[in-house]
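*Asks:*
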Amino acid sequence: MTAPHGINPNIPHSARVYDYWLGGKDNFEADRQVAEQVIAAVPGVRESARNNRAFLGRAVRHLTRLGVRQFLDLGTGIPSQGNTHEVAQAEAPDARVVYVDNDPIVMTHARALLTSTPEGRTAYIEADVRDPQLVLDHPEVRETLDFTRPVALMMVAILMHISDDDDPAGLVKAYAQSLPGGSYLVLSHLTLDLVAEEMAERYLSATRHQALRRTPRSAEQIARYFEGFDLVEPGLVGVSEWHDAPLFPDSATWMYAGVGRKR
Ligand SMILES: C[S@@+](CC[C@H](N)C(=O)[O-])C[C@H]1O[C@@H](n2cnc3c(N)ncnc32)[C@H](O)[C@@H]1O
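Structure, rendered in structure tokens:
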């Protein structure tokens, strides 16, 4: 892959490392080296990324079948197989999706995100999710989504990128306040709860690089993000267990996932 203008291929980058774990092609040697170092130190990390992506697809399909037609997808990532709009519009061609990411690399792939069925619509905005007012008032968001009708707020593998100083719970609340009852929160999050202590320590030491820095959180902390929402069955569970059999049943679980319905 040739580096797009303004992008340094020699500095490993979070979105491209994640893309590599997913089996994507939008990554460079420096990203692959860092990604492989983590895989060598901590088994199951690549499978966890894939399980997370599979959860995203299952949740979108589930909600579309329940009649949800609008998705606000925060922390889009480099487009991969089964992007939110592809899954939603395969079920319901009139589904509308807005993607939000602050990484210029995602912008270089925006064309892949801006495909849509004629009946539906997809939009992409480059913005920092830590500024909910800017996102919610953005003209593209207002033109694409109708906030008098249910919206699925997608926070899939994004809050682990938000430090405690940036008040992730306050952020969820700020977005949730603008959504009507019957809307949904789809959330997955890095955790060290479900692995042995020794494995957790190895993870922390293998992910000191800037491109890998995340904040793992406990089930209790993650459950708090669902305040004002009723968790739908099966509740907050290991990411691979939500509404299906695990893709990699023997692999360690590094993420929690859940879907809540706004009261
Ligand atoms: C691990 S990827 C998740 C991608 C996708 N949601 C998924 O689950 O497959 C996290 C994404 O969040 C984006 N991100 C991190 N912090 C952000 C912020 N403050 N504002 C907007 N996007 C952010 C990163 O650029 C990255 O693309």
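Position one of the sequence shown corresponds to residue 5 (the numbering used here), numbered consecutively onward. By construction, the Cβ of each residue, glycine as well, lies at the ideal position given by its N, Cα and C atoms. Quick caveat: nothing in here was measured; it's all calculated off a predicted structure.
Give me the residue from Ser-187, Ser-18, His-165 with the minimum Cα distance to Thr-195.
*Replies:* His-165
*Asks:* Going by other Cβ atoms of all chains shown within 10 Å of its Cβ, with 16 needed for buried, is Ser-192 buried or exposed?
*Replies:* buried
*Asks:* I need the DSSP call for Lys-177, collapsed to helix, strand or coil.
*Replies:* helix
*Asks:* At a cut-off of 7 Å, would you count Tyr-260 as near ligand 1, judging by its Cβ distance to the nearest heavy atom?
*Replies:* Shortest gap from the CB of Tyr-260 to any heavy atom of ligand 1: 7 Å or more.
*Asks:* In angstroms with no decimal places, state the Cα-to-Cα distance between Gln-212 and Gln-41.
*Replies:* The amino acid at residue 212 is misidentified as Gln; the sequence shows Arg. Between Arg-212 and Gln-41, the C-alpha separation is close to 11 Å.
*Asks:* Is any heavy atom in ligand 1 found nearer than 7 Å to the beta carbon of Val-160?
*Replies:* yes
*Asks:* Work out the CA separation of Lys-266 and Asp-105 for me, nearest whole Å.
*Replies:* Answer to the nearest angstrom: the Cα atoms are 24 Å apart.
*Asks:* So the beta strand (DSSP E) Arg-265 belongs to, where does it begin and stop?
*Replies:* 259-266
*Asks:* So, is Gly-262 buried or exposed, given that buried needs 16 or more other C-beta atoms within 10 angstroms?
*Replies:* buried
*Asks:* The beta strand (DSSP E) with Phe-233 in it runs from where to where?
*Replies:* 233-235
*Asks:* To the nearest angstrom, report how far apart Val-145 and Tyr-128 are at their CA atoms.
*Replies:* 9 Å
*Asks:* Would you mind stating whether Met-259 and Asn-56 have Cβ atoms separated by less than 8 Å?
*Replies:* It is a contact, given that the beta carbons lie within the stated cut-off.
*Asks:* Consult DSSP for Phe-230 and reduce its assignment to one of helix, strand or coil.
*Replies:* coil
*Asks:* For Ile-109, does the count of other Cβ atoms within 10 angstroms reach 16, so buried, or fall short, so exposed?
*Replies:* buried
*Asks:* Report the three-state DSSP secondary structure of Phe-75 (helix, strand or coil).
*Replies:* strand
*Asks:* Look up His-193 in the DSSP assignment and give the residues it is bridged to.
*Replies:* Tyr-260
*Asks:* May I have the straight-line CA-CA distance separating Ala-210 from Val-243, to the nearest angstrom?
*Replies:* 22 Å
*Asks:* Throw me the rounded Cβ distance for the Gln-93 and Thr-112 pair, which I believe falls under 8 Å.
*Replies:* With 8 Å as the limit, Gln-93 and Thr-112 do not qualify as a contact, their Cβ atoms being about 23 Å apart.
*Asks:* Going along the chain, which residues of its own chain have a beta-carbon closer than 6 Å to the beta-carbon of Ser-18, five neighbours each way excluded?
*Replies:* So the qualifying residues of the chain are Ala-215.
*Asks:* Taking Leu-67 as part of the beta strand (DSSP E), name the residues at either end of that continuous run.
*Replies:* No beta strand (DSSP E) contains Leu-67, which is instead part of the alpha helix (DSSP H) from 49-69.
*Asks:* Span of the beta strand (DSSP E) holding Arg-115?
*Replies:* No beta strand (DSSP E) holds Arg-115; the alpha helix (DSSP H) holding it covers 114-117.
*Asks:* How close, in whole Å, do the beta carbons of Leu-149 and Arg-100 come, if the pair is a contact with beta carbons under 8 Å?
*Replies:* 6 Å
*Asks:* Quick check: the region 224-241 against the region 172-187, are there 3 or more CB pairs under 8 Å?
*Replies:* yes
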